[in-house]
Amino acid sequence: MAVEAYALGKNFNIGAVTVPTDAVAGAITGLRTRMKDAAVCSFVIVTTGGSTDITDIDLQEHNAASGGTSQDLDVITTYYYRSEASLDGDEQWTKGTQAAASEITNVGAASEELLLVVEVRAEQLSDGFEWVSVNVPDLGTNGTRYVAVIPILSGLKVQRAPEKLAAPQ
(Lines of atoms letter the chains of each structure in order from A and count residues from 1; the text may use other names and numbers.)
(Lines give C-alpha, C1' and ligand atoms only; values in the text may rest on other atoms or scores of the structure.)
Protein backbone atom coordinates (compact mmCIF):
# COMPACT_ATOMS: atom_id res chain seq x y z
CA MET A 1 0.00 0.00 0.00
CA ALA A 2 1.42 3.37 -0.96
CA VAL A 3 1.61 5.88 1.84
CA GLU A 4 1.26 9.57 1.04
CA ALA A 5 4.16 11.84 1.95
CA TYR A 6 3.23 12.27 5.60
CA ALA A 7 5.77 11.73 8.36
CA LEU A 8 2.90 10.61 10.62
CA GLY A 9 2.24 7.00 9.66
CA LYS A 10 5.40 6.67 7.61
CA ASN A 11 8.12 7.69 10.06
CA PHE A 12 6.31 7.83 13.39
CA ASN A 13 3.11 7.38 15.37
CA ILE A 14 2.24 9.42 18.43
CA GLY A 15 0.03 8.94 21.47
CA ALA A 16 -0.65 10.48 24.85
CA VAL A 17 0.44 8.84 28.08
CA THR A 18 -0.70 11.71 30.27
CA VAL A 19 -2.33 15.00 29.53
CA PRO A 20 -1.04 17.98 31.56
CA THR A 21 -1.57 16.93 35.19
CA ASP A 22 -0.24 18.47 38.42
CA ALA A 23 2.44 16.08 39.70
CA VAL A 24 2.75 18.02 42.97
CA ALA A 25 -0.88 17.13 43.76
CA GLY A 26 -0.17 13.39 43.42
CA ALA A 27 1.54 10.65 41.45
CA ILE A 28 0.71 10.17 37.75
CA THR A 29 0.36 6.66 36.35
CA GLY A 30 1.10 6.72 32.63
CA LEU A 31 -0.94 4.86 30.03
CA ARG A 32 0.75 1.93 28.33
CA THR A 33 2.17 2.24 24.83
CA ARG A 34 2.55 -0.89 22.70
CA MET A 35 5.90 -1.28 20.95
CA LYS A 36 5.02 -4.38 18.90
CA ASP A 37 5.22 -2.55 15.54
CA ALA A 38 7.94 0.00 16.37
CA ALA A 39 11.70 -0.06 16.86
CA VAL A 40 11.86 2.87 19.31
CA CYS A 41 9.56 4.69 21.72
CA SER A 42 10.74 8.21 22.54
CA PHE A 43 8.94 9.54 25.59
CA VAL A 44 8.71 13.33 25.52
CA ILE A 45 8.04 14.76 28.99
CA VAL A 46 7.08 18.42 29.23
CA THR A 47 6.67 20.25 32.55
CA THR A 48 5.79 23.70 33.73
CA GLY A 49 8.12 25.47 36.13
CA GLY A 50 5.73 26.54 38.88
CA SER A 51 7.23 24.38 41.62
CA THR A 52 10.52 24.18 43.45
CA ASP A 53 10.15 20.38 43.35
CA ILE A 54 12.32 18.81 40.62
CA THR A 55 11.00 16.27 38.09
CA ASP A 56 11.42 12.50 38.55
CA ILE A 57 10.16 9.72 36.27
CA ASP A 58 9.95 5.90 36.35
CA LEU A 59 10.02 3.72 33.20
CA GLN A 60 7.95 0.52 33.32
CA GLU A 61 7.39 -2.47 31.01
CA HIS A 62 4.21 -4.57 30.88
CA ASN A 63 3.13 -7.89 29.39
CA ALA A 64 -0.50 -6.83 28.82
CA ALA A 65 -2.43 -3.74 27.73
CA SER A 66 -3.96 -3.62 31.23
CA GLY A 67 -3.43 -5.79 34.27
CA GLY A 68 -0.80 -8.47 33.72
CA THR A 69 2.72 -8.05 35.05
CA SER A 70 4.40 -4.65 35.34
CA GLN A 71 8.02 -4.14 36.29
CA ASP A 72 10.81 -1.60 36.24
CA LEU A 73 12.62 -1.37 32.90
CA ASP A 74 16.18 -0.67 34.05
CA VAL A 75 17.60 0.54 30.72
CA ILE A 76 17.89 4.32 31.01
CA THR A 77 21.56 5.24 30.73
CA THR A 78 21.23 8.38 28.58
CA TYR A 79 18.55 11.03 28.30
CA TYR A 80 18.36 14.55 26.91
CA TYR A 81 16.69 17.64 28.32
CA ARG A 82 16.20 21.36 27.94
CA SER A 83 15.46 23.42 31.00
CA GLU A 84 14.92 27.15 31.37
CA ALA A 85 12.73 29.57 33.30
CA SER A 86 10.62 29.87 30.15
CA LEU A 87 11.20 27.43 27.28
CA ASP A 88 11.30 29.66 24.22
CA GLY A 89 13.23 27.63 21.67
CA ASP A 90 16.75 28.93 22.29
CA GLU A 91 17.79 26.20 24.77
CA GLN A 92 20.49 23.67 23.94
CA TRP A 93 20.02 19.98 24.68
CA THR A 94 21.82 18.74 27.78
CA LYS A 95 22.91 15.10 27.86
CA GLY A 96 22.22 13.28 31.11
CA THR A 97 23.92 9.97 31.89
CA GLN A 98 23.54 7.46 34.69
CA ALA A 99 24.00 3.77 35.51
CA ALA A 100 21.21 1.68 33.95
CA ALA A 101 18.01 2.33 35.90
CA SER A 102 14.27 2.73 35.37
CA GLU A 103 14.23 6.02 37.27
CA ILE A 104 15.57 9.45 36.50
CA THR A 105 15.62 11.72 39.54
CA ASN A 106 16.05 15.45 39.89
CA VAL A 107 16.31 16.24 36.18
CA GLY A 108 16.37 19.91 35.26
CA ALA A 109 16.33 22.78 37.72
CA ALA A 110 13.78 23.76 40.34
CA SER A 111 11.21 26.32 39.18
CA GLU A 112 12.20 25.87 35.51
CA GLU A 113 10.21 24.48 32.62
CA LEU A 114 11.53 21.18 31.29
CA LEU A 115 11.55 19.27 28.02
CA LEU A 116 12.92 15.74 28.58
CA VAL A 117 13.36 12.90 26.08
CA VAL A 118 13.89 9.26 27.11
CA GLU A 119 14.20 6.58 24.44
CA VAL A 120 13.50 2.85 24.68
CA ARG A 121 14.43 0.35 21.98
CA ALA A 122 12.10 -2.62 21.44
CA GLU A 123 14.94 -5.10 21.96
CA GLN A 124 15.45 -3.71 25.49
CA LEU A 125 12.11 -5.11 26.64
CA SER A 126 12.05 -8.43 28.49
CA ASP A 127 10.70 -11.48 26.64
CA GLY A 128 6.90 -11.38 26.51
CA PHE A 129 6.71 -7.65 27.29
CA GLU A 130 5.35 -5.36 24.53
CA TRP A 131 4.10 -2.28 26.42
CA VAL A 132 5.99 0.55 28.10
CA SER A 133 4.90 3.48 30.24
CA VAL A 134 6.32 6.39 32.17
CA ASN A 135 5.05 7.15 35.66
CA VAL A 136 5.68 10.39 37.51
CA PRO A 137 5.81 10.13 41.31
CA ASP A 138 4.24 12.69 43.62
CA LEU A 139 6.81 15.50 43.34
CA GLY A 140 6.22 17.07 46.73
CA THR A 141 4.27 19.97 48.17
CA ASN A 142 5.78 23.12 46.70
CA GLY A 143 3.58 24.92 44.19
CA THR A 144 2.21 23.37 41.01
CA ARG A 145 4.11 21.44 38.32
CA TYR A 146 2.03 20.29 35.37
CA VAL A 147 3.48 17.32 33.50
CA ALA A 148 2.52 15.84 30.12
CA VAL A 149 4.04 12.64 28.71
CA ILE A 150 3.87 11.97 24.97
CA PRO A 151 5.15 8.72 23.40
CA ILE A 152 6.50 8.93 19.85
CA LEU A 153 6.89 5.55 18.15
CA SER A 154 9.45 5.44 15.32
CA GLY A 155 10.99 2.80 13.12
CA LEU A 156 7.47 1.65 12.24
CA LYS A 157 7.32 -1.90 10.90
CA VAL A 158 3.97 -1.22 9.22
CA GLN A 159 3.46 2.14 7.51
CA ARG A 160 -0.06 3.46 7.02
CA ALA A 161 -1.91 6.63 6.18
CA PRO A 162 -2.44 8.58 9.44
CA GLU A 163 -6.18 7.85 9.56
CA LYS A 164 -5.45 4.09 9.37
CA LEU A 165 -2.82 3.93 12.10
CA ALA A 166 -3.55 1.71 15.07
CA ALA A 167 -3.80 3.53 18.40
CA PRO A 168 -0.47 3.08 20.21
CA GLN A 169 -2.16 1.91 23.40
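First residue of the sequence shown? That's 37 in my numbering, and the numbers climb one at a time after it.
Just so you know, even glycine gets a beta-carbon here, dropped at the ideal spot from N, CA and C.
{"Item": "Cβ-based burial, P187 [other Cβ within 10 Å; buried from 16]", "Value": "buried"}
{"Item": "Touch test, the stretch 178-194 against the stretch 116-126, Cβ-Cβ under 8 Å, three pairs minimum", "Value": "no"}
{"Item": "L151 and I81 closer than 9 Å at C-beta", "Value": "yes"}
{"Item": "Given P204 as reference, the closest of A59, E148, E149, F79 once Cα atoms are compared", "Value": "F79"}
{"Item": "Proximal residues to T177 (C-beta, below 7 Å), its chain only, five neighbours per side dropped", "Value": "V60"}
{"Item": "Option in E97, L161, G66, G144 with minimal Cα separation from Q128", "Value": "G144"}
{"Item": "N49 versus A146 - alpha carbon distance", "Value": "32 Å"}
{"Item": "Contact check, Q107 vs S162, beta carbons under 9 Å", "Value": "yes"}
{"Item": "Counterpart residues of Y42 in DSSP-defined beta bridges", "Value": "Y42 pairs with nothing; no bridge assigned."}
{"Item": "Cβ separation of S122 and Q96, assumed to be a contact under 8 Å, to the nearest whole Å", "Value": "Going by Cβ atoms, the distance from S122 to Q96 rounds to 31 Å, so no, they are not a contact pair."}
{"Item": "Spatial distance of E142 from E199 (CA atoms)", "Value": "The sequence shown places Asn at residue 142, not Glu. Cα to Cα, the separation comes out at about 38 Å."}
{"Item": "From A101, T83, A74, residue whose alpha carbon lies closest to that of T57", "Value": "T83"}
{"Item": "G132 versus S190 - alpha carbon distance", "Value": "22 Å"}
{"Item": "Nearest-angstrom Cα separation, counted from V111 out to R196", "Value": "30 Å"}
{"Item": "Same chain, Cβ closer than 6 Å to D174, neighbours up to 5 away in sequence not counted", "Value": "G62, A63"}
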